[in-house]
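Chains X and B, in that order, give the protein sequences.
Residues 10 to 243 (my numbering) make up the first sequence, in order.
Residues 3 to 187 (my numbering) make up the second sequence, in order.
Taking it in order: structure first as structure tokens, then the write-up.
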Amino acid sequence: MNCIEVGRLLNAYVDAELALERSLAVEDHVADCARCRAALDGQGALHSALARSCAPERAPDRLRTWVRRVARDTPATKPVRRSKLDWLAAAPGIAALLIVGALLIARPWQPGATAAPEGTRVVYHIASANDIGANLRTLKNHLDAEPRSQVVVVAHNNGIEFLLQGARDESGRAYAEIVRGFRERGVDFRVCTNTLTRRQIDPGTVIREAALVPSGIAEISRLQGKEGYVYLRL
Amino acid sequence: MLSDHEREQFERLLLPHLDAAYGLARWLTRNDEWAEDAVQEAYLRALRYFGSLRGDDGRPWLLGIVRNACFDLLDREHPGSQTEPFDEERHADANMAAGALLVLPVNPEAAAIGRAERQLVRDCLAELPRDFREAIVLRELQGCSYRDIAEITGVPIGTVMSRLARARRLLQGTISQRVKEDTGT
């Protein structure tokens, strides 16, 4: 092994991510090469400098209390701003009320159990970047005609593009804003993580209005097979 | 809504990683308050999508959600906080071997590692561009494997390796440079 190869593997060696054989080869080389040994020592020095300088973090107690309570007692709801957290930790009863209140405010339009019968469940499958505008108009017309429909949009392949940050329609309007409008009407948007991985797209660039699912196709199958959704391909 | 069994699972698999979640969020947002907001948002998302967690290791899954929540929060509420003037020419020694000779700690008389020096290391890490900072924090501070880092950050293992190598080089360069400036040598 020469210096260039060792240089390439040095990080993986330090991180114990190399197979035994290659580790031994790196060690052999480093034993005889002052330059590579210096590089290795540098890595060690950095590691210990970081270990000495950055003590493990500990989450504040109020955050711990909040997370525990959310896990145990409450349905998923909107986050509470930090400024309110001290308060929440101090007053559990009020906390529960506030969280339930936040839920009600977040979804004022949702029909309760005694409301009219549920609308049809429909899953829209968007797999192409073409005609997104027309497809969303179709969705809007659908909701106008049947406001109680429960719609999930699963985006997959090139169909995910309008759900990435910064995407805009022909008129320059941000898709995030349009999607937010649909979210308020109860439509869920789900993005296929397999597609992101395959296309090397950072999941962090998906707009926050959309959720990630491991596989778009599996999600569609699940909705159809287990939850009685009608399938519409756009 | 989760069933009782799922709630138990949620507590068992995700609550123990709260400190790790908060630590990552602090380094990514560089702000205590934003870090708390992001961790709350992340746990709510985790509750909502708990069904998509596969297997028994909740840590990489949770940390992946935490980093997304951090970046969402920064983009949405604090745009501009991510613009990082970082002069690689100045910070990184072009030569790997030269950059690798970290000057810390040089002087035994400098009474062990002082508080100022620890602060210097933290400042240099905080100044690294986002992707590099994330790589160092996950590997060096959180002890994640390359495979976990790939899952958390959503990039292939090859990218994890090159990012980490570059991040270390940059950080070593920055620290060395800063120590030189401070000691006037």
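The C-beta atom is built at its ideal place from N, Cα and C for all residues, glycine as well.
| Asked | Found |
| --- | --- |
| For Gln-159/X: DSSP bridge partner residues | Arg-130/X |
| Extent of the continuous beta strand (DSSP E) run through Ala-183/X | Segment: none, Ala-183/X is in no beta strand (DSSP E) and carries neither H nor E. |
| Alpha-carbon to alpha-carbon, Ile-154/B and Leu-16/B | 15 Å |
| Start-to-end residues for the beta strand (DSSP E) that takes in Val-239/X | 239-242 |
| CB contact below 8 Å: Phe-73/B versus chain X | yes |
| Opening and closing residue of the beta strand (DSSP E) in which Val-283/X lies | No answer is possible for residue 283/X: the residues shown for chain X start at 10 and end at 243. |
| Whole-Å CB distance - Ser-147/B paired with Val-222/X, under 8 Å assumed | The Cβ separation is near 25 Å, so there is no contact. |
| Residues from the stretch 30-62 of chain B in contact with chain X, defined by Cβ distance under 7 Å | Glu-35, Glu-38, Asp-39, Val-41, Gln-42, Glu-43, Tyr-45, Leu-46, Leu-49, Arg-50, Tyr-51 and Ser-54 |
| Sufficient close CB pairs (3 or more, under 8 Å) joining the stretch 37-53 of chain X to the stretch 123-137 of chain B | no |
| The stretch 32-43 of chain B touching the stretch 181-199 of chain X, judged by at least three CB pairs closer than 8 Å | no |
| Bridge-paired residues (DSSP) for Asp-197/X | Val-161/X |
| Contacts of Ala-80/X in chain B (Cβ-Cβ under 8 Å) | Arg-9, Phe-12, Glu-13, Leu-16, Leu-17, Tyr-45 and Leu-49 |
| Where the alpha helix (DSSP H) through Gly-53/X begins and ends | 43-62 |
| Check whether Val-35/X and Leu-18/X have beta carbons under 8 Å apart | yes |
| Presumed contact (8 Å Cβ cut-off) between Ala-68/X and Leu-20/B, rounded CB distance | 5 Å |
| First and last residue of the uninterrupted alpha helix (DSSP H) at Met-163/B | 159-185 |
| Three-state class that DSSP yields for Leu-4/B in the structure shown | coil |
| Contact with chain X by Ala-167/B, beta-carbon distance below 8 Å | yes |
| Residue-level contact to chain B via CB, Asn-11/X, 8 Å cutoff | no |
| Amino acids of chain X, ordered along the chain, whose beta-carbon sits closer than 8 Å to that of Asp-77/B | Gln-174 |
| Collapsed DSSP secondary structure at Arg-192/X in the structure displayed | helix |
| Per-residue contacts from Thr-204/X into chain B (C-beta, under 8 Å) | Neighbours of Thr-204/X on chain B: none; closest Cβ ~12 Å, over 8 Å. |
| Assigned exposure category for Arg-247/X - 16 Cβ within 10 Å defines buried | Nothing can be reported for residue 247/X: it is not among the residues displayed for chain X, which extend from 10 to 243. |
| Alpha helix (DSSP H) segment containing Ala-138/X, residue limits | No alpha helix (DSSP H) contains Ala-138/X, which DSSP labels as neither H nor E. |
| Pick from Asp-197/X, Ala-164/X and Ser-180/X that is closest to Leu-152/X, judged by C-alpha positions | Asp-197/X |
| Rounded separation between Arg-146/X and Pro-156/X - CA only | 14 Å |
| Rounded C-alpha distance that separates Asp-140/X from Ala-176/X | 14 Å |
| Members of the stretch 21-50 of chain X near chain B, C-beta cut-off 7 Å | Ala-21, Asp-24, Glu-26, Arg-44, Ala-47 and Ala-48 |
| Proximity test, Cβ basis, 8 Å: Glu-183/B and chain X | no |
| Where Asp-21/B meets chain X, residues with beta-carbon distance less than 8 Å | Pro-65, Glu-66, Arg-67 and Ala-68 |
| Interface flag, Glu-136/B vs chain X, CB-CB below 8 Å | no |
| Local conformation of Leu-55/B per DSSP, three classes | coil |
| Cβ pair count under 8 Å reaching 3, the stretch 129-136 of chain X against the stretch 226-236 of chain X | yes |
| The stretch 125-158 of chain B: positions lying closer than 8 Å to chain X by Cβ | Leu-127, Ile-138, Arg-141, Glu-142, Leu-143, Ser-147, Tyr-148, Thr-155, Gly-156, Val-157 and Pro-158 |
| Beta-carbon proximity check, Ala-220/X vs Tyr-51/B, cutoff 8 Å | yes |
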